[in-house]
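Novice: So that we are looking at the same thing, I have put the structure below in structure tokens.
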Amino acid sequence: MARKFLLCFHDFSVWNYQKVAPILEELKDLAGAPFSVLVIPDTDKAPSDMVKGFRETLQKLKAGGFELALHGYKHQAEFSQGRSYAGLIGMNLTGGEAEFAGLSEFESSRLLHLGLDAWKELIGDSEKPTAFVPPTWYSNKFLPSQVHAEKMLYEERFALVTAKGKRYASPVASFAGIPDFLIKAAFKFGAIALKVPVGLPRIALHPVDFPARTDKIHDLIRIALNSGRKLSQYKDL
Ligand SMILES: [Zn+2]
5 MARKFLLCFH DFSVWNYQKV APILEELKDL AGAPFSVLVI PDTDKAPSDM VKGFRETLQK
65 LKAGGFELAL HGYKHQAEFS QGRSYAGLIG MNLTGGEAEF AGLSEFESSR LLHLGLDAWK
125 ELIGDSEKPT AFVPPTWYSN KFLPSQVHAE KMLYEERFAL VTAKGKRYAS PVASFAGIPD
185 FLIKAAFKFG AIALKVPVGL PRIALHPVDF PARTDKIHDL IRIALNSGRK LSQYKDL
């Protein structure tokens, strides 16, 4: 079996799809194949014409072979109630983006299902997300089994666990929220992870990486393609 790598574009939402969709197409051309897009499904406060445009763009991506995965509900933690101390720290470290950090079993399940409901509204009933990636990877101890109960792959920061329980070690190269002086090291780490013949490396991209880091990211994708690894999607695992 050929070795694999994943290319995952995070935080695709109703608020950025117009800007981000052309970036996805450009990356697809470079990579030679479509890849995984992590969707924030909440459209609550968006005007209806934008929601319509977002829906059409998601359909177009799907038709083009992109894989859509679920990335939280709002990607924004709204309250601290019922969070564990670790969860509160997680939330503060990420500017309130760690939606699932330290939630109680009930709140975690409630939020996951709000995310799934918003997904249904947006993408339809027929296609469930193949994977769930909690925003910023901060989690709680209940979430992995709640995700697996919905037959989705669960992504941790450094590992993937399929719905059937198969676990992959998965080093990630990610650049959002990293201080400037560490960016070089992050790219170097990514290049090494892709070249070393173990694990299932991921390149995790965010809207804020573009255009500031476009060239470096293109280089990293070229390294991945030249490493003998095959660009894969969550559903291939
Ligand atoms: Zn995110």
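The sequence shown begins at 5 in this note's numbering and counts up by one. Cβ atoms here follow ideal geometry from the backbone N, Cα and C, with glycine treated the same way.
If I measure Cβ to Cβ from alanine 50 and keep anything under 8 Å in the same chain, skipping five residues before and after, which residues do I get?
Specialist: Here residue 50 is taken as the residue at index 46 of the sequence shown, counted from 1. Excluding sequence neighbours, alanine 50 sits near Val18, Trp19, Phe58.
Novice: Tyrosine 238 and alanine 73 look like a contact to me (Cβ under 8 Å); what is the Cβ gap, rounded to whole Å?
Specialist: Here residue 238 is taken as the residue at index 234 of the sequence shown, counted from 1. Here residue 73 is taken as the residue at index 69 of the sequence shown, counted from 1. About 6 Å separates the two Cβ atoms, so the contact holds.
Novice: If glycine 203 and alanine 173 are in contact, beta carbons under 8 Å, what's the gap, nearest whole angstrom?
Specialist: Numbered from its first residue, the sequence shown carries residue 203 at position 199. Numbered from its first residue, the sequence shown carries residue 173 at position 169. Contact flag correct, Cβ pair sits at about 4 Å.
Novice: In three-state terms, what does DSSP make of valine 176?
Specialist: Here the question's residue 176 lines up with position 172 in the sequence shown. DSSP places valine 176 in strand when its eight states are reduced to three.
Novice: Within 10 angstroms of the Cβ of asparagine 144, are there 16 or more other Cβ atoms? Answer buried if so, exposed if not.
Specialist: Residue mapping note: residue 144 aligns to position 140 of the sequence shown, counting from 1. Burial call: buried.
Novice: Is any heavy atom in ligand 1 found nearer than 7 Å to the beta carbon of histidine 79?
Specialist: Reading the sequence shown from its first residue, position 75 is the one you call residue 79. At least one heavy atom of ligand 1 is nearer than 7 Å to the Cβ of histidine 79, so yes.
Novice: Looking at ligand 1, does it come within less than 7 Å of leucine 222, judged from the CB to the closest heavy atom?
Specialist: Within the sequence shown, numbered from 1, the residue matching residue 222 stands at position 218. Going by the sequence as given, residue 222 is histidine instead of leucine. Incorrect: histidine 222 has no Cβ contact closer than 7 Å to ligand 1.
Novice: What's the C-alpha gap between aspartate 48 and glycine 36?
Specialist: Mapped onto the sequence shown, residue 48 falls at position 44. Mapped onto the sequence shown, residue 36 falls at position 32. C-alpha separation (whole angstroms): 35 Å.
Novice: Would you say the beta carbon of aspartate 33 comes nearer than 7 Å to a heavy atom of ligand 1?
Specialist: On the sequence shown, position 29 is the one that residue 33 refers to. No, since every heavy atom of ligand 1 falls outside the 7 Å radius drawn around the Cβ of aspartate 33.
Novice: DSSP three-state label for phenylalanine 193, please.
Specialist: Here residue 193 refers to the residue found at position 189 when the sequence shown is read from its first residue. Three-state result, phenylalanine 193: helix.
Novice: Do you know whose CA, among Val165, Leu229, Leu28, Asp223, lies nearest aspartate 240's CA?
Specialist: Here residue 240 refers to the residue found at position 236 of the sequence shown. The option with the nearest alpha carbon to aspartate 240 is Val165.
Novice: Should proline 139 be counted as a contact of ligand 1 given a C-beta to heavy atom distance under 7 Å?
Specialist: For the purposes of this step, residue 139 is taken as residue 135 along the sequence shown, with counting starting at 1. The answer is yes for proline 139.
Novice: Counting only the same chain and skipping the five closest in sequence on each side, list residues whose C-beta sits under 6 Å from that of arginine 161.
Specialist: Taking the first residue of the sequence shown as position 1, residue 161 is located at position 157. Same-chain partners within the cutoff: Trp141.
Novice: Give me the Cβ distance between alanine 163 and lysine 155, rounded to the nearest whole Å; I'm assuming they're in contact under 8 Å.
Specialist: Taking the first residue of the sequence shown as position 1, residue 163 is located at position 159. Taking the first residue of the sequence shown as position 1, residue 155 is located at position 151. Not really, about 19 Å apart at Cβ, beyond 8 Å.
Novice: Among the residues of its own chain, which have a CB less than 7 Å from the CB of histidine 75, if the five just before and after it don't count?
Specialist: Numbered from its first residue, the sequence shown carries residue 75 at position 71. Only His14, Asp15, Leu42, Val43, Ile44, Val137, Pro139 meet the Cβ criterion.
Novice: Is any non-hydrogen atom of ligand 1 found closer than 7 Å to the C-beta of aspartate 15, if you look at the structure I gave you?
Specialist: As a working mapping, residue 15 is identified with position 11 in the sequence shown. Yes, ligand 1 has a heavy atom inside 7 Å of this Cβ.
Novice: Going by alpha carbons, who is nearest to leucine 28 out of Lys64, Val200, Leu186, Ser130?
Specialist: Against the sequence shown, residue 28 aligns to sequence position 24. With distances taken between Cα atoms, leucine 28 lies closest to Lys64.
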